[in-house]
Amino acid sequence: MPRLLQINVTYKYGSTGRIADSIGDLAISHGWESWIAYGRELSSAKGSKSHIIRIGNETDIYLHGLQSRIFDRHGLASKKATSRLIETIKDINPDIIHLHNIHGYYLNYPILFEFLSATNTPVIWTLHDCWPFTGHCAYFTFNKCEKWKSLCAGCSNLKAYPTSLLFDNSANNHKLKRQAFTSVGDRLLLVPVSNWLNDIAHQSFLKDCQSAVIHNGIDPEIFHPHDARQQTDDSRQMILGVANVWEPRKGLTDLIKLDSMIDHTRFRITIVGLSADQLKKLPPSIIGIQRTQDIHALARLYAEATVYVNPTYEDNFPTTNLEALACGTPVVTYNTGGSPEAVDPSTGAVITPGDLPGLLKAIEHFADTPDKESLSEACRHRAVTMFDRRECYQKYFDLYMSLLK
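This note's numbering numbers the first residue of the sequence shown as 1 and each following residue consecutively.
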């Protein structure tokens, strides 16, 4: 019976946690045994089909975060927790080791990769951001930095996650990552979740690694068009924006500027995912909603919207684009990272970041589309045929089988 071990920062929390759990379920359905090792205890493991392993504890995460915040040594603490994890991995003796996000204040990557380089086990690593090949940050496009291509040093992005308040250890971090992440050789298979991330990873010290792109997926049974638009006293067409956290790179400021440009007798902007402080600062003409855990309510908002706008300045492959498409709503996105890969000309528009007149023109184009039903069907068709999560998970399992052969 083949054995699968996945390592991720969370279990059943956030998109990467749900992906790991679903892949584990699929492997079990094919007669495998599945383990998931995770760092942050943000969700109950009750009812899981996989064996669940906690890496470290809250104190360990706190001390790891302290080292990161002061000394810029993210991924270099948690030594005892990682050593204990390795002993557990030896006991499990997995046939496949699948890494997801290994950053997040819970794992020591040099210790982990020293072990991985000494085993004969195939390693798959799903890349969700750029942290594996930079000296500090998870993204660098907002900061327009290209030092990661040669050697990070004198980092201008220290305040970005994982934030360092005092020291700049980016040069040493970059060297340590290069040494660790290239040590596994041809047993390491990278799985970037966008073509964009695949391209830039191959411009880094990971350029010689094998790779296979598997896009993130969504559940089309949850995110789907509704029979009728929600009936409200407001007959205006909705422009919707959604983010897990509206940090500066997500473009909240641009949505607020856009609000001053639209015809308020025709359109209304609704923004989901705001903090209490952000809600207080919103113009009264914008409808603000705090972050919701009710995905069915979120799906209704997607379906009610005339157009979904994603003004992100820095991203990999946002699943919000896919959720909107699955609900039959066209997507207007900035040309950022892998975000444009979600749409084609019949289901969305790609705009130069910061081009607010272009953003408005694209919104009006979809709002003026006479055949809304055909537009909705095209959006839904693209989401279901290209980004059904079950197909995405099956691609991972197919990779496992190919590696075992």
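Virtual Cβ for every residue (Gly too), placed ideally from N, Cα, C.
(request) Have a look at residue 243 and residue 40 and give me their C-alpha separation to the nearest angstrom. (result) Here residue 243 refers to the residue found at position 243 when the sequence shown is read from its first residue. Here residue 40 refers to the residue found at position 40 when the sequence shown is read from its first residue. Roughly 21 Å between the two C-alpha positions.
(message) Quick check: what's the CA-CA separation for residue 147 versus residue 296?
(response) Numbered from 1 along the sequence shown, position 147 holds the residue referred to as residue 147. Numbered from 1 along the sequence shown, position 296 holds the residue referred to as residue 296. Computed Cα separation, rounded: 42 Å.
(message) I'd like to know whether the C-beta atoms of residue 215 and residue 387 end up nearer to each other than 8 Å.
(response) Here the question's residue 215 lines up with position 215 in the sequence shown. Here the question's residue 387 lines up with position 387 in the sequence shown. Result yes, Cβ atoms of residue 215 and residue 387 sit closer than 8 Å.
(message) Our contact map puts residue 283 next to residue 259 with C-beta atoms below 8 Å; I'd like the distance itself, whole angstroms only.
(response) In the sequence shown, counting from the first residue as 1, residue 283 sits at position 283. In the sequence shown, counting from the first residue as 1, residue 259 sits at position 259. That pair is a contact at about 6 Å.
(request) Identify, in the order they occur along the chain, each residue of the same chain with its Cβ nearer than 7 Å to the Cβ of residue 181, setting aside the five sequence neighbours on each side. (result) Position 181 of the sequence shown, counting from 1, holds the residue named residue 181. Excluding residues within five positions, the ones whose Cβ falls inside 7 Å are 113, 132, 206.
(request) Rank 7, 299, 170 by C-alpha distance to the C-alpha of residue 308 and give the top, closest one. (result) Translated into the one-based positions of the sequence shown, residue 308 becomes position 308. Distances from the alpha-carbon of residue 308 to those of 7, 299, 170 put 299 closest.
(message) Going by C-alpha to C-alpha distance, which of 52, 18, 153, 73 sits closest to residue 33?
(response) What you label residue 33 is simply residue 33 of the sequence shown in a count that begins at 1. Minimum Cα distance to residue 33 is reached at 52.
(message) Measuring only the C-alpha atoms, how far is residue 249 from residue 235?
(response) Within the sequence shown, numbered from 1, the residue matching residue 249 stands at position 249. Within the sequence shown, numbered from 1, the residue matching residue 235 stands at position 235. Answer to the nearest angstrom: the Cα atoms are 31 Å apart.
(request) Put residue 210 into one of helix, strand or coil per three-state DSSP. (result) Here the question's residue 210 lines up with position 210 in the sequence shown. Three-state result, residue 210: strand.
(message) Just to confirm my understanding: we take residue 281, look at its own chain, exclude 5 residues before and 5 after, and list those with CB closer than 6 Å. What are they?
(response) Numbered from 1 along the sequence shown, position 281 holds the residue referred to as residue 281. There are no such residues.
(request) Quick one: grab the DSSP three-state call for residue 266. (result) For the purposes of this step, residue 266 is identified with residue 266 of the sequence shown, where counting begins at 1. In the structure shown, residue 266 sits in coil (DSSP, three-state: anything other than H, G, I, E or B).
(message) For residue 17 and residue 49, which I take to be in contact (beta-carbon distance under 8 Å), what is that distance rounded to the nearest angstrom?
(response) Taking the first residue of the sequence shown as 1, we reach residue 17 at position 17. Taking the first residue of the sequence shown as 1, we reach residue 49 at position 49. Not confirmed; about 14 Å, so no contact.
(request) For residue 245, count neighbouring Cβ atoms within 10 angstroms of its own Cβ and tell me buried if that reaches 16, exposed if not. (result) Residue 245 sits at position 245 when you count from the first residue of the sequence shown. Looking at its Cβ environment, which holds fewer than 16 other Cβ atoms inside 10 Å, residue 245 is exposed.
(message) With a threshold of 8 Å, are at least 3 pairs of Cβ atoms found where one atom belongs to the segment 372-390 and the other to the segment 343-360?
(response) yes
(message) residue 102 and residue 35 - do their beta-carbons sit closer together than 8 Å?
(response) Here residue 35 corresponds to residue number 35 of the sequence shown, with the count starting at 1. Here residue 102 corresponds to residue number 102 of the sequence shown, with the count starting at 1. No, they are not a contact pair.
(request) Can you say whether residue 374 is buried or exposed, counting buried as having 16 or more other CB atoms within 10 angstroms of its CB? (result) Position 374 of the sequence shown, counted from the start, is the residue given in the question as residue 374. Residue 374 should be labelled exposed.
(message) For the structure I just gave you, are there three or more beta carbon pairs, one from the segment 356-367 and one from the segment 170-185, closer than 8 Å?
(response) no
(request) Pull up the distance between the alpha-carbon of residue 353 and that of residue 337, whole angstroms please. (result) The residue labelled residue 353 in the question sits at position 353 within the sequence shown. The residue labelled residue 337 in the question sits at position 337 within the sequence shown. About 11 Å.
(message) Considering only their Cβ atoms, is the gap separating residue 26 from residue 94 smaller than 8 Å?
(response) Here the question's residue 94 lines up with position 94 in the sequence shown. Here the question's residue 26 lines up with position 26 in the sequence shown. Against a cut-off of 8 Å, the Cβ pair of residue 26 and residue 94 comes out as no contact.
(message) Using a Cβ-based criterion (distance less than 7 Å to any ligand heavy atom), does residue 178 qualify as near the ligand COA?
(response) Absence of the ligand COA is noted for the structure shown, with no ligands found whatsoever.
(request) With a threshold of 16 other CB atoms inside 10 Å of the CB of residue 314, please say whether the residue is buried or exposed. (result) The sequence position of residue 314 within the sequence shown is 314, counting from 1. Residue 314 is classed as buried because its beta carbon has at least 16 other beta carbons within 10 Å across all chains shown.
(request) Please list the segments of the beta strand (DSSP E) lying wholly inside the segment 155-213, counting only runs of 3 or more residues, in order along the chain. (result) 188-192
(message) Distance check for residue 221 and residue 372, CA to CA, integer angstroms please.
(response) Here residue 372 refers to the residue found at position 372 when the sequence shown is read from its first residue. Here residue 221 refers to the residue found at position 221 when the sequence shown is read from its first residue. A direct Cα-Cα distance of roughly 21 Å separates residue 372 from residue 221.
(message) Check this for me: beta carbons of residue 334 and residue 311, under 8 Å apart or not?
(response) Mapped onto the sequence shown, residue 334 falls at position 334. Mapped onto the sequence shown, residue 311 falls at position 311. It is a contact, given that the beta carbons lie within the stated cut-off.
(message) Rounded to whole angstroms, what is the Cα-Cα separation between residue 140 and residue 158?
(response) In the sequence shown, counting from the first residue as 1, residue 140 sits at position 140. In the sequence shown, counting from the first residue as 1, residue 158 sits at position 158. Taking the straight line from one Cα to the other gives about 11 Å.
(request) Would you check if the distance between the CB atom of residue 407 and the CB atom of residue 201 is smaller than 8 Å? (result) Within the shown structure, residues of the chain are numbered from 1 to 405, placing residue 407 beyond reach of any answer.
(request) Report the option in 275, 355, 264, 302 whose CA atom is closest to the CA atom of residue 286. (result) Along the sequence shown, one-based indexing puts residue 286 at 286. It is 264 whose Cα lies nearest to the Cα of residue 286.
(message) I'd like to check one pair, residue 60 with residue 81: are the Cβ atoms closer than 8 Å?
(response) In the sequence shown, residue 81 corresponds to position 81, counting from 1. In the sequence shown, residue 60 corresponds to position 60, counting from 1. Yes, Cβ-Cβ distance for residue 81 and residue 60 is below 8 Å.
(message) Given this structure, state the Cα-to-Cα distance separating residue 187 from residue 383, to the nearest angstrom.
(response) Locating residue 187 in the sequence shown gives position 187, counting from the first residue. Locating residue 383 in the sequence shown gives position 383, counting from the first residue. Going by the C-alpha atoms only, they are around 33 Å apart.
(request) State yes or no: is the C-beta of residue 78 within less than 8 Å of the C-beta of residue 98? (result) Mapped onto the sequence shown, residue 78 falls at position 78. Mapped onto the sequence shown, residue 98 falls at position 98. For residue 78 and residue 98, no; Cβs fall outside 8 Å.
(request) Can you grab the Cα-Cα spacing for the pair residue 166 / residue 2, in whole Å? (result) Here residue 166 refers to the residue found at position 166 of the sequence shown. Here residue 2 refers to the residue found at position 2 of the sequence shown. Roughly 46 Å separates the two Cα atoms.
(request) Identify the continuous beta strand (DSSP E) that holds residue 316 and give its terminal residues. (result) Here residue 316 is taken as the residue at index 316 of the sequence shown, counted from 1. Premise fails: residue 316 is in no beta strand (DSSP E) and is neither H nor E.
(request) Could you tell me the distance, in whole angstroms, from the CA atom of residue 404 to the CA atom of residue 275? (result) Locating residue 404 in the sequence shown gives position 404, counting from the first residue. Locating residue 275 in the sequence shown gives position 275, counting from the first residue. Distance between the alpha carbons of residue 404 and residue 275 is about 46 Å.
(request) Report all residues from its chain with a CB closer than 8 Å to the CB of residue 351; omit the five preceding and five following residues, and keep chain order. (result) Counted from its first residue, the sequence shown places residue 351 at position 351. So the list reads 332, 333, 334, 335, 358, 359, 362, once near-sequence residues are dropped.
(message) Nearest by alpha-carbon distance to residue 161: which of 135, 290, 192 is it?
(response) Here residue 161 refers to the residue found at position 161 when the sequence shown is read from its first residue. Selected option, being the one with the closest Cα: 135.
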